[in-house]
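Residue numbering for the sequence shown follows the numbering used here, starting at -9 and increasing by one per position. C-beta atoms are modelled at their ideal positions from N, C-alpha and C, and glycine is treated no differently. Predicted model, so just to flag it, every value in this text is computed and none were measured.
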Amino acid sequence: MEMRKWVLSGILATEEAYLSHLEALLLPMKPLKAAATTSQPVLTVAQIETIFFKVPELYEIHKEFYDGLLPRVQQWSHHQRVGDLFQKLASQLGVYRAFLDNYELAVETAEKCCQANSQFAEISESSMHSDSHDTNRDKWPILLLALLYKPVDRVTRSTLVLHDLLKHTPTSHPDHPLLQDALRISQNFLSSINEETTSRRQSLATHMQNRQLLKDSFMVELVEGTRKLRHVFLFTDLLLCAKLKKQIGGKNQQYDCKWYIPLTELTFQGPEDTEPLAIPQVSDEELDAVKVKISHLRSEIQREKRANKGSKVIDRLRKKLSEQESLLLLTSPSMPLRLFNKNGKSYSFLISSDYERSEWREIIREQQQKCVKTPSLTSMELQMLTSSCLKLQTVHNIPLSLNKEEDESSGLYGFLNVIVHSASGLKQSLNLYCTLEVDSFGFFLNKAKTRVYRYTTEPKWNEEFEIELEGSQTLRLLCYEKSYNRTKLNKEDGDSTDRIIGKGQILLDAQILQGKDWQRTVIPMNGVEVKLSMKFTSREFSLKRMPSEKPMGVFGVKISTVTKSRRERSKVPYIVRQCLEEIERRGMEEVGIYRVSGVATDIQALKTAFDTNNKDVSVMMSEMDVNAIAGTLKLYFRELPEPLFTDELYPNFAGGITLTDSVAKESCMLNLLLSLPEPNLVTFLFLLDHLKRVAEKESVNKMSLHNLATVFGPTLLR
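See the structure below:
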């Protein structure tokens, strides 16, 4: 019986809202009617009666129902009766029948009047002026059409309300037979309405009821060369691109529809003369600066939480964090996803990962096989659909994975060693390779790539990669068929024609990966299985210098000891000279040189060759992937018992770089460099000279001085 009261309280609240909608709908009717009798009518009397047909009667019916129900709920007792009110309301459903029969014509007339008559919008606006609703002249016609839909929506809800009320009304209560009668009338009415709907209304109802959200995501749209943040919704019959608008105080969010394409009209391939996409690039320095700000803000929020500071301070920091995350989302992606409407219009999105890009393509193509042609949406239908996005959206935060927790501890930091063993389950022989992606700051980036295994159904790569993790939570693997047709480009994205055979992902669980042993796993993808092994080293251990117990060799041995040995005829270790010489010979234009991971088994083979003074080391190097040679050089510096810049001088370097006076800073840094032991200084200058030449080819290899500093900083300093 207590639940019965709460159900009725809910009915009162929805009735109040419904009455306010009807009032808003009726507001412009009076001035429009007054103008209709003048020499310059805005709308004809016939048009007014068509648009507002039966709305005054509906208002009176529900006002009488509300006025009757309110005092009975306020003076509530378990014996209170309300069944007569619901029975009377049900008996007046004939007014709804008349409204619904006229509904399509009302919408059509309203739309035509909105488009053809600017005075209609002006009168509507002036009549709304004293109300708290949206008074924007451009918005009112859309609001009018949305309000016209309210009675359509209301009639379907009335039966649901009666079901709830009956459920909590005992059969012995005097209301029970009355409510049963009201429910019977309502159900019969709905059945007859459904049978009698016209084809257009049936089509609208079918699409509104059957349209489901399949996928949504915040994405970056390229509009006239400018990056714009959008929320993209893929429904069962169309793709909708919207902009999220926030009202004052961040409440009452709403979406503005930018455009939509029915799936039957969408294609990924444009005409032959489609211009290549010019993507505005953001420098790595700018991206890294944003990441640093995000890290600092997260740490600050955690400190404030621990100190039990007020919520205002934390809210302010969270707002700043959200701004930086949005900026990173806007500036990071650079992989194009182009969509074309069959009428010739094209749209371009930027995505950070081939995995996500292929996901969008796959789900759209799959749905295109199932969906039927969508009738073009009226402005009211589009408004209703866009409004529904707020309830339907599955992705609420910007960007996808940053707002879950400000705490960095939710991801892994350090190095992940991955061995890509083999693949099985292929139905035909193909040229195959795999790539590995991990998330960093909410975005997935390609971190490694196996060699191409030629023409086989069972490729056995057995290649090991070392991948740096920055708060990473997921490892993704993509399997590609290599295309050797160099002349042909993929029209869909301008990339090579390499085809994704399958893709899969696994969560990186710190507890499972923390052990010293390799963890074997299998990633299933479209009937193909790829075997992997993984081992994780956390950041606190990955850069820990371990003194070598080897009496001789190269790796893990002091640089002064190595350069004094008989085989060295230079202050620069032989391994450094050899690696740099080979990289200068064929790696200066390699995209991501020093950043892209080399195959770990090749790196280990080179390490052993240098340690044992193998005379064939130069031959080995000439046959190896240049990224493995770059990896060997980085490994050498990382395994030095102490960093090249020495433990002793590190605090001075750290202090010198913070000096604000540029002359003092330069003098301090040069003096510190000259304080290094001679082998350390000469080796560093030799390396620096090489890195300067690498950076001069930044336009080709994408490695700026900043990128190189990011790679070598922790290795050379600490």
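Would you kindly report the start and end of the unbroken alpha helix (DSSP H) that includes residue i?
i    : result
W508 : First-last for W508: undefined, no H or E at that position.
W350 : D344 to K360
D601 : A590 to D601
V35  : V35 to I41
L662 : S652 to L664
Y626 : V616 to R628
S312 : S301 to T321
M610 : V607 to E613
G543 : It is not in any alpha helix (DSSP H) - G543 carries neither H nor E in the DSSP assignment.
D74  : G73 to S81
On the DSSP bridge list, what partners appear for residue i?
i    : result
S523 : I409 and R510
V210 : L219 and L340
V142 : Its beta-bridge partners do not exist; DSSP assigns none.
F225 : L203
I251 : L229
T257 : F330
E265 : Paired residue(s): none; E265 is not in a bridge.
S715 : The structure shown does not extend to residue 715, since the chain is modelled only from -9 through 708, so no value can be given for it.
Please state the DSSP three-state secondary structure of residue i.
i     : result
E458  : strand
K561  : coil
G645  : helix
L435  : strand
T28   : coil
K86   : The amino acid occupying residue 86 in the given sequence is Tyr; Lys does not appear at that position. Helix, per DSSP.
Q495  : strand
L168  : helix
E448  : coil
S10   : helix
G58   : helix
F179  : helix
K(-5) : helix
R708  : coil
T161  : coil
A279  : helix
A699  : helix
P326  : strand
G0    : helix
Y584  : coil
Q383  : coil
V552  : helix
M693  : coil
Taking the straight line between their C-alpha atoms, what separation do you get for residue i and residue j?
i    : j    : result
S419 : T447 : 5 Å
F179 : R147 : 13 Å
P667 : F208 : 53 Å
P669 : E571 : 19 Å
D121 : T4   : Legend: pLDDT at D121 = 42, less than 50; position of this residue unreliable, value from coordinates given subsequently. Using only the alpha carbons, I get a separation of about 19 Å.
N604 : E613 : 15 Å
A14  : P46  : 11 Å
K687 : V272 : 18 Å
C658 : V552 : 29 Å
V589 : E276 : 30 Å
I502 : I496 : 12 Å
N333 : I175 : 48 Å
E629 : G546 : 5 Å
R718 : A172 : Absent from the structure is residue 718, since the part of the chain shown begins at -9 and ends at 708.
I291 : K281 : 15 Å
K248 : F225 : 16 Å
V303 : R328 : 42 Å
K655 : L706 : 20 Å
S412 : S348 : 23 Å
G432 : Q244 : 24 Å
K506 : I513 : 22 Å
If I follow the unbroken beta strand (DSSP E) through residue i, where does it start and stop?
i    : result
K233 : L228 to K235
R683 : From DSSP, R683 is part of no beta strand (DSSP E) but of the alpha helix (DSSP H) over E668 to E686.
T464 : T464 to E471
D429 : L420 to S430
My guess is that residue i and residue j are in contact by the Cβ rule of under 8 Å, so how many angstroms apart are they, rounded?
i    : j    : result
S587 : D274 : Between D274 and S587 the Cβ distance is about 17 Å, and since that is not below 8 Å, they are no contact.
R351 : F258 : 6 Å
G204 : Q357 : The question names Gly, but residue 204 in the sequence shown is Leu. Going by Cβ atoms, the distance from L204 to Q357 rounds to 6 Å, so yes, they are a contact pair.
T40  : N92  : 7 Å
L155 : L169 : 6 Å
M578 : V684 : 6 Å
P79  : P141 : Position check: residue 79 holds Leu in this sequence, whereas Pro was assumed. Going by Cβ atoms, the distance from L79 to P141 rounds to 13 Å, so no, they are not a contact pair.
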